[in-house]
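Quick notes on the structure that follows.
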Amino acid sequence: AQRHPARTARTVASLFDKDSSSLLCTHRPVLPQVMDVLREYLFEGSAEVLPTEDPYLEPGDALVLQVTEGDDPRIVSVERVRAALD
Numbered sequence: 115a116q117r118h119p120a121r122t123a124r125t126v127a128s129l130f131d132k133d134s135s136s137l138l139c140t141h142r143p144v145l146p147q148v149m150d151v152l153r154e155y156l157f158e159g160s161a162e163v164l165p166t167e168d169p170y171l172e173p174g175d176a177l178v179l180q181v182t183e184g185d186d187p188r189i190v191s192v193e194r195v196r197a198a199l200d
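Letter 30 of the sequence shown, counting from 1, is numbered 144 in the numbering used here, and no numbers are missing.
See below:
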C-alpha cells in the first residue's frame with residue numbers, strides 16, 4: 115500500500131463491483147488504505163462500525179461485511195471475528 119496506494123484502493127473497490135461473495139486477505143501495513151476504501155461504501159452515519167486506529171485488527175482477526183447488491187453497493191453490517199488464540 116505504501117508503494118502502490120492507488121492499486122490497493124482499486125483492488126479493494128473492485129470487490130464491490132462483483133455480484134458474488136469475495137474474500138480479501140491482507141496484512142497490517144495495508145489496513146489503513148483498506149479501511150479508507152471501506153468507509154466510502156458505508157451507509158451515511160455508520161462509520162463508527164469500522165476500526166479507526168492502528169492496530170485496526172489483531173493478528174488472526176477478520177472483518178465480515180454484508181453488502182447490498184445493485185448499482186450502489188453499501189456495507190450494511192460489519193462483524194469482527196477475533197482469533198481464538200490460547
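Don't be surprised by glycine CBs; every beta carbon is placed ideally from N, CA and C.
Fully enclosed alpha helix (DSSP H) runs of no fewer than 4 residues are not present anywhere in the segment 157–186. In the three-state scheme derived from DSSP, where H, G and I count as helix and E and B as strand, residue 128 is classed as helix.
C-alpha of residue 170 to C-alpha of residue 178: approximately 14 Å in a straight line. Cβ contact annotation for residue 166 (same chain, cutoff 8 Å, sequence separation greater than five): 149, in chain order.
With contacts defined as CB atoms closer than 7 Å, residue 136 and residue 145 fail to qualify as a contacting pair.
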